Amino acid sequence: ADDSGCTALAAVCLNLPGGQTGKLLVANAGDCQCCLWRGDELLTVNEEHIASNAAERARIEAYGGEVKATADGKLRVGGVIQVTRCLGDRKLRKLGLISDPEMHALDLTSEDKAIVLASDGMWDVLTKAHVLHCLKSTAKSPDMIAKRLIAEAIEHGTSDNVTVLVVFLRDLSHLV
18 ADDSGCTALA AVCLNLPGGQ TGKLLVANAG DCQCCLWRGD ELLTVNEEHI
68 ASNAAERARI EAYGGEVKAT ADGKLRVGGV IQVTRCLGDR KLRKLGLISD
118 PEMHALDLTS EDKAIVLASD GMWDVLTKAH VLHCLKSTAK SPDMIAKRLI
168 AEAIEHGTSD NVTVLVVFLR DLSHLV
């Protein structure tokens, strides 16, 4: 698409044979985030590709693009768009936007319980501590947790669309 685009976030969990540690592979282009519930904390797996990210801003500026603050104080590429990587938005490529995903690989441990993949519509209004609380208190099903997180993001006044996917890495029914 020339005039519109979207972000992309994908995660693959690999179980390795013979009792070896599994792997979590994450690819991201945009402002979605994947977090891993490990032990008693929620770990951020990937960086957001947004104009306020120093590395992304430097990449845009090295390309010849500009990062400008808007009237509301948010940094935007060319004063137009917050994301620095996305699918589509071909007309904005001249500003330095790219569609190349950033890849991450993590070794999974016996402490890993779930992953949460969500758009900025959730992460902009809910803290990781709040999301972790929801995970712990609604651990009966990933679908229930995702629906709760979407409802809470809306309740907390998100101004963006909200997409949430929760994937259990093991049975968590004993937690609730």
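Residues in the sequence shown are numbered consecutively from 18, following our numbering. Using N, Cα and C, we set each Cβ at its ideal position, and we do this for glycine too. In this text, all values refer to a predicted model and were calculated from it rather than measured experimentally.
Do residue j and residue i come within 8 Å of each other at the CB atom, strictly closer than that value?
| i | j | result |
| --- | --- | --- |
| K194 | L186 | Absent from the structure is residue 194, since the part of the chain shown begins at 18 and ends at 193. |
| V94 | H66 | no |
| I132 | A28 | yes |
| T24 | D48 | yes |
If you compare alpha carbons, which of the options is closest to residue i?
| i | options | result |
| --- | --- | --- |
| A46 | G39, L26 and C52 | L26 |
| C196 | S154, T87 and A68 | Only positions 18 to 193 of the chain appear in this structure, which leaves residue 196 out of reach. |
| L143 | A163, K157 and T126 | A163 |
| Q50 | E58, K40, L59 and E64 | E64 |
| A79 | H147, L189, L114 and L59 | L114 |
| T126 | L60, T24 and D48 | L60 |
| L152 | S136, L189 and D117 | L189 |
When the Cα atoms are used, what is the spatial distance from residue i to residue j?
| i | j | result |
| --- | --- | --- |
| L109 | D19 | 8 Å |
| N178 | R165 | 15 Å |
| M120 | L42 | 7 Å |
| D160 | L31 | 21 Å |
| H173 | K40 | 34 Å |
| K157 | L134 | 18 Å |
| S154 | H147 | 11 Å |
| H150 | L92 | 30 Å |
| K145 | I171 | 16 Å |
| P118 | A72 | 14 Å |
| S176 | E58 | 27 Å |
For my contact list, residue i and residue j are in at a C-beta cut-off of 8 Å; report their separation, rounded to the angstrom.
| i | j | result |
| --- | --- | --- |
| G105 | G22 | 3 Å |
| L112 | G82 | 4 Å |
| T38 | D124 | 5 Å |
| R74 | V84 | 5 Å |
If you drop the 5 nearest sequence neighbours on each side, which residues of the same chain put their C-beta closer than 8 Å to that of residue i?
| i | result |
| --- | --- |
| G56 | E128 |
| N70 | E64 and T101 |
| L97 | Strictly speaking, residue 97 in this sequence is Val, with Leu absent from that position. Hits under 8 Å: L109 and L112. |
Can you find the residues in the same chain that come closer than 6 Å, C-beta to C-beta, to residue i, ignoring five residues on each side of it along the sequence?
| i | result |
| --- | --- |
| I167 | V179 and V181 |
| V62 | V43, C51, L53 and H121 |
| R107 | D19 |
Looking only at its own chain, which residues have a Cβ that is under 7 Å from the Cβ of residue i, when we skip the five neighbours before and after it?
| i | result |
| --- | --- |
| V184 | A131, I132 and P159 |
| S116 | A46, R102, C103 and L104 |
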